[in-house]
Amino acid sequence: MSSKGPISEPDNSSAFSSVTVCFVPRAFAANTLANLGLVGTLCKYGDKEFRRIEKLKCDLYFPAGTFVALDQNGNIDSIHTLSDIGQLDLAFNDYLNFLMDVRRIYEGPGTYNNKLEAVEAMTTGMGRQGHSHGYFIAKHGGASPLLDKCVQRKR
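Right, here's the structure in full:
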């Protein structure tokens, strides 16, 4: 046995002195990375400070997700948003929002031609994260084939 006394533990046994994180729910159309700063949990390793999520923009369930680091300004760290998976999340959210806009058009009032004009007018638009609606429409074969698919599914 060693004659030395016990080694004192540091105040913070964590490898990180302190980090602020945000709870990032699984991506869905109404919760993009742009508004994640408004919902989330503050955690500090070491001083054990936690803040409960008071309001989540979700009606039916608490979505699964992960914690990601925030920068000093309280924004999601660019390590997450500029990664390949972060960019995929941004594109996916823009695409889901685009599909919701198309749905509002084809379920709304008006003739087929009016709806077609409205979908064609979307080609110049961009999603909140910067992805072109024209690109999404082109990948569906154009405005007419996209609207035709929607009308067929509605029946």
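The letter at position 105 of the sequence shown is residue 173 when you use our numbering, and the numbering goes up by one with no holes. Positions of the beta carbon are idealized from the N, C-alpha and C atoms, including for glycine. Keep in mind the model is a prediction, meaning the values are calculated, not measured.
In the DSSP assignment, Ser-200 forms a beta bridge with Met-194. As the crow flies, the alpha-carbon of His-201 is around 15 Å from that of Arg-172. Between Leu-167 and Ser-212 a beta carbon distance of about 17 Å is seen, past the 8 Å cut, so the two are scored as non-contacting.
Secondary structure at Pro-177: coil, using DSSP grouped into helix, strand and coil.
In this structure, the beta-carbon distance from Asp-162 to Gln-197 falls below 7 Å.
In terms of Cα proximity to Val-219, the closest of Ala-206, Val-187, Asn-141 and Phe-204 is Val-187. Across the set Asn-165, Gly-176, Asn-182 and Gly-210, the C-alpha of Gly-210 shows the shortest separation from the C-alpha of Thr-191. Here the C-alpha atom of Gly-178 lies approximately 28 Å from the C-alpha atom of His-199.
Take the alpha-carbon of Asn-181 and the one of Asp-216: they are about 11 Å apart.
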